[in-house]
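What follows is one structure encoded as structure tokens, with my remarks underneath.
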Amino acid sequence: MNNNRLFLLLLTVVGSLFILVGCGDGAEDTGAEGADYPKQAIEIYVPASPGGATDASARIIAKHINEYLGEDFIIINESGGGGTLAFETVRNDDTNGYKLLYFHQALHTGYATNRYEYPATDLTAIGTYSAVNQAYVVSADSPWDSLDDFVEDAKSNPGEYSFGAQLSGTTHFMGAMLAQEAGIEYDILDFGAESDRMAALLGGQIDMIVTSVGNAIEYVESGDFKVLAVLNEERDPAAPDFPTAVEQGYDIVFSITHALFGPSDLPENVIAALNEATAELAEDEAYIEALGNLGHVHVLNDSEATTDLIEREFNIIQDLGKELGF
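Right, dumping it as structure tokens:
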């Protein structure tokens with residue numbers, strides 16, 4: 080009888096140990112699953128050619144992120160199809176966070192102009208990174224010294240002036256925003272890439288363009304351009320003398336902001352790991368200095384705030400696209 084009781088007691092103890100071990104293993108697995116990302120380098124698809132501002136900012140991030148994320152960002156330039164190949168690669172990815180997209184509002188203008196089949200709102204917005212403020216600039220010998228000067232002149236002379244842009248791109252929409260907000264008419268002409276637009280303004284072929292604040296500073300200092308307005312809510316710290324459109328009474332905000340995206344079903348632990356690493360990256364002085372040398376700043380938004388931003392900008396650009404006839 081005593082032997083039977085002892086045998087039953089041993090069975091009970093052993094069974095309890097198996098249950099405890101099983102529960103312990105389950106808890107460890109759950110924790111490890113959330114902490115295991117990333118396990119390898121992450122491919123970052125950039126829908127732009129090497130050497131441009133988008134590519135350069137992505138490479139600055141890649142140079143510094145490893146210290147906080149524990150793995151490398153591998154930059155893959157895929158500009159084919161106007162960026163649609165990179166977009167589709169990430170949209171259809173099933174690697175759970177090892178293929179991500181780094182781009183800006185050209186995703187919205189691309190969809191508004193029917194170059195993209197799917198909108199950026201179909202992706203998971205992970206966070207924002209590098210941003211560069213834009214400015215409306217005119218020739219230094221033009222008669223306009225403020226945005227009001229240009230608007231009043233354009234109202235008196237509808238259709239007389241021209242705005243140089245890359246048609247269907249972000250600069251096209253920046254030009255259209257001014258015309259819409261101010262209630263003026265001018266021709267928006269296709270002058271291609273930024274360097275071509277700068278040359279056209281210098282040569283007197285067009286009356287106004289939009290360019291980065293960094294470029295504007297250079298050409299203002301050389302005596303070639305005047306800045307009428309910066310397209311941001313606040314003045315750019317690098318150019319505190321340049322007024323914003325907002326402070327002049329025009330609700331025009333369009334800073335080129337690069338964001339990181341993943342497929343729609345991106346796991347939460349991936350988002351959390353990237354947001355945590357990015358928050359630390361944003362405090363890295365060497366990283367901030369490198370961006371500053373490029374004329375960019377880091378804009379820190381987590382996934383939730385970035386999702387709100389993407390949806391807001393998407394809606395504005397789609398509405399404007401319809402007005403432009405796309």
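Quick note on this note's numbering: the sequence shown kicks off at 80 and runs consecutively. Ideal Cβ positions, reconstructed from N, Cα and C, are used throughout, including at glycine.
Going by beta carbon distance, what residues of the same chain come within less than 6 Å of S334, once the five residues before and after it are set aside?
Its chain contains A210, N212, N311 as the residues whose beta carbon lies nearer than 6 Å to that of S334, once the 5 sequence neighbours on both sides are disregarded; these appear in chain order.
If you reduce the DSSP assignment to three classes, tell me which class H377 lands in.
The answer is strand: DSSP assigns H377 an E or B state.
Can you name the start and end residues of the beta strand (DSSP E) that Y195 belongs to?
That residue, Y195, is in no beta strand (DSSP E); it is neither H nor E in DSSP.
Mapping the DSSP letters down to three states, classify D134 as helix, strand or coil.
Three-state result, D134: helix.
Under the assumption that A191 contacts F405 (Cβ atoms under 8 Å), give the Cβ distance between them as a whole number of angstroms.
Right, the Cβ-Cβ distance comes to about 6 Å (below 8 Å), so this counts as a contact.
Which listed residue (G160, G206, P237) has its alpha carbon closest to that of T386:
Closest option to T386, Cα to Cα, is G206.
Just to confirm the assignment, what range does the beta strand (DSSP E) spanning N156 have?
In the DSSP assignment, N156 falls within the beta strand (DSSP E) that extends over 152-156.
At which residue ranges does the region 180-257 contain complete alpha helix (DSSP H) runs of 4 or more residues, listed in the order of the chain?
For the region 180-257, whole alpha helix (DSSP H) runs of length 4 or above, ordered along the chain, are 185-191, 226-235.
Comparing the CB of F340 with every heavy atom of the ligand ATP, is any distance shorter than 6 Å?
With respect to the ligand ATP, the structure offers nothing, as it holds no ligand at all.
Near I263, which residues of its chain fall below 8 Å by C-beta distance, leaving aside the five closest residues on each side in sequence?
Sequence-distant partners of I263 (beyond 5 residues in either direction) whose C-beta falls short of 8 Å from its own C-beta, in its chain, are V230, A233, K234, P237, L257.
Which residues mark the beginning and the end of the alpha helix (DSSP H) in which V332 is found?
For V332, no alpha helix (DSSP H) segment is defined, and its DSSP state is neither H nor E.
Rank Y116, I144, E167 by C-alpha distance to the C-alpha of A369 and give the top, closest one.
Minimum Cα-Cα distance from A369 among the listed residues Y116, I144, E167 corresponds to I144.
Tell me whether D108 sits in a helix, a strand or coil according to DSSP, three-state version.
Because D108 carries a pLDDT of 35, less than 50, the predicted location of this residue cannot be relied on, and the following value inherits that uncertainty. Residue state, collapsed to three classes: helix.
Please state whether DSSP places A361 in a helix, a strand or coil.
Correct three-state label for A361: coil.
To the nearest angstrom, how far is the alpha carbon of V325 from that of D115?
Whole-angstrom Cα-Cα distance: 45 Å.
Name the DSSP beta bridge partners of V325, please?
In DSSP, V325 forms no bridge with anything.
Mapping the DSSP letters down to three states, classify I263 as helix, strand or coil.
It is coil, neither helix nor strand.
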